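Numbering (this note's numbering), first residue to last: -15 to 160.
Glycine included, each C-beta is placed from N, C-alpha and C at the ideal position.
Here the structure is a predicted model, which means the values were calculated and not measured.
Written below as structure tokens is the structure these notes are about.
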């Protein structure tokens, strides 16, 4: 046991420096070093080389830090309430954005197929007019006119000013 401590103890300052450089927080770095040393002591019998434990200790520390970074990326960063700024605590509601997105997708689906195809190719997929014309096998002028009509129609749909007759609904008879 004392042989293990004599080999590990001189490496601790270097481990702390490395941990502080990795996590940029003194308390978190000290916790990381403590976890590293705990793991090293409990797995001392499993190390492969019997010589200098320095590379092995740095490998443990590095792997623990990487695991912490991954956990933080999925869970988010831990900030105490006292250290947090107001903008870090609250979040804007995303329900309205989701509803608007769903509404636009719904209104986009109401466009005639040829207008929707041109609008998606040019506005969403960022194709040039010539590329869209080649994809759809139509003249560039037709792409431009369909795109213009699609944008106008979509704007009307969003504003709620689109007429029923422009929604591809054919009325067979109107009852007086």
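{"Asked": "What whole-angstrom Cβ distance do residue 17 and residue 31 have, given they're in contact under 8 Å?", "Found": "The Cβ separation is near 18 Å, so there is no contact."}
{"Asked": "Determine the DSSP secondary structure at residue 19, reduced to helix, strand or coil.", "Found": "helix"}
{"Asked": "So residue 45 is in the alpha helix (DSSP H); what residue range does that whole segment cover?", "Found": "38 to 59"}
{"Asked": "Would you say the segment 10 to 30 touches the segment -13 to -5, given that touching needs at least three Cβ pairs under 8 Å?", "Found": "yes"}
{"Asked": "What span of residues does the alpha helix (DSSP H) with residue 97 cover, start to end?", "Found": "97 to 103"}
{"Asked": "Measuring only the C-alpha atoms, how far is residue 89 from residue 128?", "Found": "22 Å"}
{"Asked": "Quick check on the burial criterion: 16 or more other C-beta atoms within 10 angstroms. Buried or exposed for residue 102?", "Found": "buried"}
{"Asked": "Is the beta carbon of residue 137 less than 7 Å from the beta carbon of residue 95?", "Found": "yes"}
{"Asked": "Can you check whether the CB of residue 13 is closer than 7 Å to the CB of residue -2?", "Found": "no"}
{"Asked": "Let me know the secondary structure DSSP gives residue 125 once reduced to three states.", "Found": "helix"}
{"Asked": "For residue 48 versus residue 19, is the C-beta spacing smaller than 7 Å?", "Found": "yes"}
{"Asked": "Please report how far the alpha carbon of residue 111 lies from the alpha carbon of residue 131, in whole angstroms.", "Found": "12 Å"}
{"Asked": "Determine the direct distance from the alpha carbon of residue 145 to that of residue 77, and round the result to whole angstroms.", "Found": "28 Å"}
{"Asked": "Over what stretch of residues does the alpha helix (DSSP H) that includes residue 1 continue unbroken?", "Found": "-4 to 7"}
{"Asked": "Do you know offhand how far residue 123's Cα is from residue 116's?", "Found": "9 Å"}
{"Asked": "So, with DSSP's three-state summary, where would you put residue 109?", "Found": "coil"}
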